[in-house]
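In what follows, a single structure is set out as structure tokens and then discussed.
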Amino acid sequence: MMHELINIWMGWVTDWGYAGVILLMAMESSIFPVPSELVMPPAAIIAAGPNAPMSFWGVVIAGTVGSYIGSAITYLVARYAGIPFINRWGKYFFMPPTKVAKATVFMERYAVGGVFFARLLPVIRHLISIPAGIVRMNFWIFSLVTTLGAFIWCTVLTWYGHRIGSEHPDILKDPDKLKEAVKAESLGLVICVVVLTALYVLMIKMTSRKKKEQDTQH
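Heads up: the sequence shown begins at -17 in my numbering, then just goes up one per residue.
Rendered as structure tokens:
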């Protein structure tokens, strides 16, 4: 079934161009588990072809816009519908209460930086908008860090797609091969993001501990 879905999604990108990228990335950043790794790289490969209907930066911008739209919708639903709605319906979209609870703790503890780094991490990317809405994070700050994180992620994936396409011109004919190639290429990026996130978490903990010590002394 996943193989068929991949073919359908890649067909949307091929046939609809930027509109397909925006739609799929909006889905990826909301409640639908569409892997961005199977949206941006194929679009980049198409953009790199002769007489292409898309450009490198056009693909990046379309992906960023789609990511923001999906994230904003999810944020607003979580903000105004609340936890009961998420707990009731989230399980049908691969967001069980336990996952949402963990994401909420992460959001409350690491705030703005947490949202930014979450946009660069697989799995948690499409979840982080929910706790941001639940804790009523400032919408404009949420929009800023979400857009920035999405832009970086989309740029990296588009670059990977361009690189993979130049090395394997016929890779779009084999979605499974494309998926594995992107996974292998993006592993280093994920490791870097995890390390940076860990350093950010450590900094927050050290700052919090220092503040507690100062409060105790006073």
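Ideal Cβ placement from N, Cα and C applies to all residues, glycine included.
Note that the structure is a prediction, hence the values are computed from the model and not measured.
Task: Opening and closing residue of the alpha helix (DSSP H) in which R145 lies - done: 121 to 149
- [ ] On a CA-only basis, which of G64, Y142, Y57 is nearest N120? Give me that one, please.
- [x] Y57
Open item on the list: If you reduce the DSSP assignment to three classes, tell me which class V16 lands in.
Closed with: coil
- [ ] Work out the CA separation of N33 and I43 for me, nearest whole Å.
- [x] 20 Å
Open item on the list: Applying the 10 Å Cβ sphere with the 16-neighbour rule, what's the burial state of P23?
Closed with: buried
Task: Contacts around I51, its chain only, beta-carbon distance under 6 Å, and the 5 residues preceding and following it disregarded - done: A8
TODO: Would you identify the three-state DSSP class for V3, choosing helix, strand or coil?
DONE: helix
Task: Close-in-space but distant-in-sequence residues of the same chain around W141 (CB under 6 Å, 5 per side omitted) - done: none
- [ ] Have a look at I123 and V94 and give me their C-alpha separation to the nearest angstrom.
- [x] 8 Å
- [ ] Find the nearest neighbour of G147 within the set P35, A163, F67, judged by alpha-carbon distance.
- [x] The shortest C-alpha separation from G147 is found at A163.
- [ ] Return the Cβ separation of I4 and V47 in integer angstroms, given the expectation that the two are a contact with Cβ distance under 8 Å.
- [x] Correct: roughly 6 Å between the Cβ atoms.
Open item on the list: Is it buried or exposed, A60, if we count other Cβ atoms within 10 angstroms and call 16 or more buried?
Closed with: buried
Task: Exposed unless 16 or more other CB atoms sit within 10 angstroms - verdict on I173 - done: exposed
Open item on the list: Do A26 and V41 have their beta-carbon atoms positioned less than 7 Å apart in this structure?
Closed with: yes
Open item on the list: For N(-11) and F14, I'd like the C-alpha separation in whole angstroms.
Closed with: 16 Å
Open item on the list: Assuming contact is defined by CB atoms lying nearer than 7 Å, are A114 and S49 in contact in what I supplied?
Closed with: no
Open item on the list: Could you give the first and the last residue of the continuous alpha helix (DSSP H) run that contains A114?
Closed with: Segment 111 to 116, the alpha helix (DSSP H) holding A114.
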